[in-house]
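Scroll down for the structure; my scribbles are underneath it.
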């Protein structure tokens, strides 16, 4: 059972570069989310999706873009990386809002 | 909007001692409540959850939590700590709203340190 798969696990970017963090789930969940985790800040919601073609902003959306063309995939795009985006990023999927979230292993991103 | 407060960024206990991790939430109506655990360099996994029904909820690895509406609390306990319990613990809430439950809001986390 793969569950939620994130790639890459580690990434170093230069300021201004763009990249896409990949997230795929094989549980046929409608709901998917992206969080960032920073020391002492817990997890903060970046964007989420309630189904293919439907996305919405979370608490900290600036500098990030998402799309949801299939149920399985929910990529997160950094348009122009900044040092403030250095963080650990987690993707999660849920059968429905209010139910258990299943998390990927995370992507550790460093922007220099 | 709901918020979650976890008292204490770090909690230290001796092996065999009681574990108590505190979580308070703000919500006008009872939300769904969750505790997640994160081991080093891993994602989060669910320990236990409260939705409706019995207010004392049992989870994995001997943990349990009690929903107390009057205190807006959902504290996590374990009678006897084990070295393998050392990890970071997150409390999270999902609020009911007009269009259904919300996405999860997390507390800032509590690092549990267990000494021999």
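Residue numbers (the numbering used here), protein chains in the order written: chain A, -10 to 101; chain B, 7 to 122.
Backbone N, C-alpha and C define an ideal beta-carbon position, used for all residues, glycine too.
This one's a predicted model, so the numbers in the text were calculated from it and none came from an experiment.
- In this structure, residue 49(B) places its C-beta atom within 9 Å of the C-beta atom of residue 92(A).
- At a cut-off of 9 Å, the C-beta of residue 47(B) has a neighbouring C-beta in chain A.
- Residue environment: residue 35(A) is assigned as buried (16 or more neighbouring CB atoms within 10 Å of its CB, all protein chains considered).
- It is roughly 24 Å from the alpha-carbon of residue 42(A) to the alpha-carbon of residue 95(A).
- In the three-state reduction of the DSSP assignment, residue 30(A) falls in the coil class.
- DSSP places residue 51(A) in the coil class of the three-state scheme, outside both helix and strand.
- With a cutoff of 9 Å on beta-carbon distance, residue 33(B) and residue 91(B) are scored as not near each other.
- Spatial neighbours of residue 59(A) in its own chain (CB-CB distance under 8 Å, excluding positions within 5 residues in sequence) are listed in chain order as 41.
- Contact check between the stretch 11 to 30 of chain A and the stretch 61 to 76 of chain A: three or more CB pairs, one atom from each, fall below 8 Å, which counts as touching.
- Residues are counted here when their Cβ sits less than 7 Å from a Cβ of chain A; for the stretch 54 to 68 of chain B these are 55, given in chain order.
- For residue 73(B), no CB of chain A lies under 9 Å from its own CB, so it is not counted at the interface with that chain.
- Between residue 17(B) and residue 117(B), the C-beta gap is smaller than 9 Å, which places the two residues in contact.
- Here the alpha carbons of residue 9(B) and residue 73(B) stand approximately 16 Å from one another.
- Residue-level contact by beta carbon holds for residue 115(B) and chain A, with a gap shorter than 9 Å.
- Rounded to the nearest angstrom, the gap between the Cα atoms of residue 111(B) and residue 13(B) is 16 Å.
- When Cβ-Cβ separations below 9 Å define contact, residue 100(B) makes contact with chain A.
- Sequence-distant partners of residue 57(B) (beyond 5 residues in either direction) whose C-beta falls short of 6 Å from its own C-beta, in its chain, are 38.
- Here the alpha carbons of residue 23(B) and residue 121(B) stand approximately 10 Å from one another.
- Assignment of residue 16(A) by DSSP, reduced to helix, strand and coil, places it in the coil class.
- Taking a beta-carbon distance threshold of 9 Å, residue 78(B) does not count as an interface residue toward chain A.
- The alpha-carbon separation between residue 99(A) and residue 88(A) amounts to approximately 31 Å.
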